[in-house]
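J.: Here it is, the structure in full.
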Amino acid sequence: MPEGDTVFAAAARLRAALDGQRLTRTQFRIPSLATADLTGRTVTSVRSVGKHLLIDVGGSDDDDSGLARVSLHSHLKMEGAWHVHPIGTKWRRPGYQARVVLRTATHEAVGFDLGILELTETPDQDLAYLGPDLLSAEWEPTEAIRRIEARADEPIGTALLDQRLVAGIGNVYRSELCFLRRVLPTRPVREVDVTAMVDLARRVLWANRLRTARTTTGQTAPNARMWVYGRRGQLCRRCGSPIERDQLGSIGEDRVIYFCRQCQS
Numbered sequence: 001m002p003e004g005d006t007v008f009a010a011a012a013r014l015r016a017a018l019d020g021q022r023l024t025r026t027q028f029r030i031p032s033l034a035t036a037d038l039t040g041r042t043v044t045s046v047r048s049v050g051k052h053l054l055i056d057v058g059g060s061d062d063d064d065s066g067l068a069r070v071s072l073h074s075h076l077k078m079e080g081a082w083h084v085h086p087i088g089t090k091w092r093r094p095g096y097q098a099r100v101v102l103r104t105a106t107h108e109a110v111g112f113d114l115g116i117l118e119l120t121e122t123p124d125q126d127l128a129y130l131g132p133d134l135l136s137a138e139w140e141p142t143e144a145i146r147r148i149e150a151r152a153d154e155p156i157g158t159a160l161l162d163q164r165l166v167a168g169i170g171n172v173y174r175s176e177l178c179f180l181r182r183v184l185p186t187r188p189v190r191e192v193d194v195t196a197m198v199d200l201a202r203r204v205l206w207a208n209r210l211r212t213a214r215t216t217t218g219q220t221a222p223n224a225r226m227w228v229y230g231r232r233g234q235l236c237r238r239c240g241s242p243i244e245r246d247q248l249g250s251i252g253e254d255r256v257i258y259f260c261r262q263c264q265s
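Its first residue numbered 1, the sequence shown is counted upward by one per residue in the UniProt record's numbering.
Here you go:
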């Protein structure tokens, strides 16, 4: 499931292939951008902001669009992915899933099944509603702690998933973080050590930002990476009680949570 670490890693791969490179061909495969063309422009940066990915593109001598700078904003949602291929390499996903193709002289970057794909002249303004990015190089926890603590009566599991409070945590990490801090996701924020929770969130996401296999247990075997997420009915690695699964409302929708009632009560 794409979360802040997944997007950070995708940005790193795209940056290595695109940063500073001139786009020799671009193709958008969604109706809203069907006539857009960034051919001839140069990629000036690739960056992640929480679960959002921005490819910043400068102008070109033969560009008559009037845009000196534009950003390609994407969000992976549940199924999206960015792949980078040397020119001529077979794609790893079907062509009908491709939403955008960016080609340089040597590489091709393809965005598949992207939940959001748009061009914007004001990327930072558009994303100003987000809370502090857990994977930012300038990370400082004070504001994230303040925003979460302001939701004193809200369940901590709901607050952790709210990108307006802190950016980068998804459903996997909120279940794992609550387990590691020994609190049920339904516990009100006022009863949680928010400073310790935010510190742990930063450390866990940072440790996983470039891993090919996300782990919160420190183990990399496929069946040993998670403490609770996806383990309904299996035995808790700490106490041996069955892991439970339930729903927790989150910003207008129900999202599945996993927990050990014995360890987290």
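Beta carbons are placed, not taken as given, at the ideal position from N, Cα and C, and that holds for glycine. Note that the coordinates shown come from a computational prediction; the quantities given were computed from them, not determined experimentally.
Is ALA9 helix, strand or coil by DSSP?
T.: ALA9 falls in the helix class under three-state DSSP.
J.: Alpha carbon to alpha carbon, how far is CYS260 from ASP56?
T.: So the alpha carbons of these two residues sit roughly 43 Å apart.
J.: Can you give me the C-alpha to C-alpha distance between ASN223 and VAL189, rounded to a whole angstrom?
T.: Distance between the alpha carbons of ASN223 and VAL189 is about 31 Å.
J.: Leaving aside the five residues before and after ALA167 along the sequence, list all residues of the same chain whose C-beta is less than 6 Å from its C-beta, in chain order.
T.: Answer for ALA167: GLY50, LEU130, GLY131 and ASP133, listed in chain order.
J.: So if DSSP puts PRO185 in a beta bridge, which residue, or which two residues, is it bridged to?
T.: According to DSSP, PRO185 bridges with nothing at all.
J.: Only counting the same chain, and skipping five residues up and downstream in sequence, which positions put a Cβ closer than 8 Å to that of ARG225?
T.: Cβ neighbours of ARG225 beyond the five flanking positions: ALA213, ARG214, THR215, THR216, THR217 and GLN219.
J.: Who are the near neighbours of THR44 in its chain, counting only those whose CB is closer than 6 Å to its CB and skipping five residues on each side?
T.: Closer than 6 Å at the Cβ level, and outside the excluded window around THR44, lie ASP56 and GLY58.
J.: So, is PRO185 buried or exposed, given that buried needs 16 or more other C-beta atoms within 10 angstroms?
T.: Counting Cβ neighbours within 10 Å, PRO185 comes out buried, since at least 16 surround it.
J.: Identify, in the order they occur along the chain, each residue of the same chain with its Cβ nearer than 7 Å to the Cβ of ALA11, setting aside the five sequence neighbours on each side.
T.: If we look at ALA11 and ignore the five residues flanking it on each side, its Cβ neighbours are VAL46, ARG47, SER48 and LEU53.
J.: In chain order, what residues of the same chain have a beta carbon less than 8 Å from the beta carbon of PRO141, not counting five sequence neighbours either side?
T.: Excluding residues within five positions, the ones whose Cβ falls inside 8 Å are PRO132, THR195, VAL198, ASP199 and ARG202.
J.: Could you give the distance in angstroms between the alpha-carbon of VAL76 and the alpha-carbon of ASP124?
T.: Residue identity check: residue 76 is Leu in the sequence provided, not Val. Rounded to the nearest angstrom, the two C-alpha atoms are 18 Å apart.
J.: Verify whether the separation of the beta carbon atoms of ALA9 and ARG209 is less than 8 Å.
T.: Yes, the Cβ-Cβ distance between ALA9 and ARG209 is below 8 Å.
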